[in-house]
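Heads up: the sequence shown is residues 1 to 118, going by the UniProt record's numbering.
All residues carry an ideal CB built from backbone N, CA and C; glycine is no exception.
Taking it in order: structure first as structure tokens, then the write-up.
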Amino acid sequence: MKLQKIKNARGFTLIEMMIVLLVISVLLIITIPNVTKHNSKINSKGCEAFIQMVQAQVQAYEIEEKKLPADISALKIAGYLEETSCPNGDAIQITAEGKVERTTPASTREITSDPSTP
């Protein structure tokens, strides 16, 4: 009697398994590009939030020290910041007016490069 139950038990066929794998593959192909697109947005928003936080620390430094910080490292030395760059690696700077700005890699290259060299 047990032998007959085993013969009647059915599993998935090869075709059914292939269809399931195809569906999973299609879902992965659709999902992965969306995840990478959102990752860049998250990094951008993280940098914007970091700049706003640094701007608040510049104001706190100005209130306590009665002067603007000379640069971003002055805030780190005084204990106002732990990091001096955005989470995505972009550098930031403090202008002479005390405004915090993102320094893009292209503008950094233009500032530091010698115009006489190609």
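Coarse secondary structure for Thr112, derived from DSSP in three states
Reliability of the predicted coordinates at Thr112 is poor, the pLDDT of 38 falling under 50, and the value obtained from them is presented with this limitation in mind. Thr112: helix per DSSP, three-state reduction.
Quick test of your reading: Ile92 and Val35, contact by CB under 8 Å. State the CB separation rounded to the nearest angstrom.
The Cβ separation is near 27 Å, so there is no contact.
Is the stretch 79-94 close to the stretch 36-52, with three or more CB pairs under 8 Å?
yes
Ala78 to Glu65, Cα distance in whole Å?
10 Å
Beta strand (DSSP E) segments (min. 3 residues) lying fully within the stretch 69-102
91-94
Mapping the DSSP letters down to three states, classify Lys67 as helix, strand or coil.
coil
8 Å CB neighbourhood of Thr95 in its chain, flanking five on each side removed
Glu101
Tell me which same chain residues have a C-beta within less than 7 Å of the C-beta of Lys76, skipping the five on either side of it?
Thr84
In chain order, what residues of the same chain lie with their CB nearer than 8 Å to the CB of Thr103, ignoring the 5 residues before and after it?
Asp90, Ala91, Ile92, Gln93
Can you say whether Pro69 is buried or exposed, counting buried as having 16 or more other CB atoms within 10 angstroms of its CB?
buried
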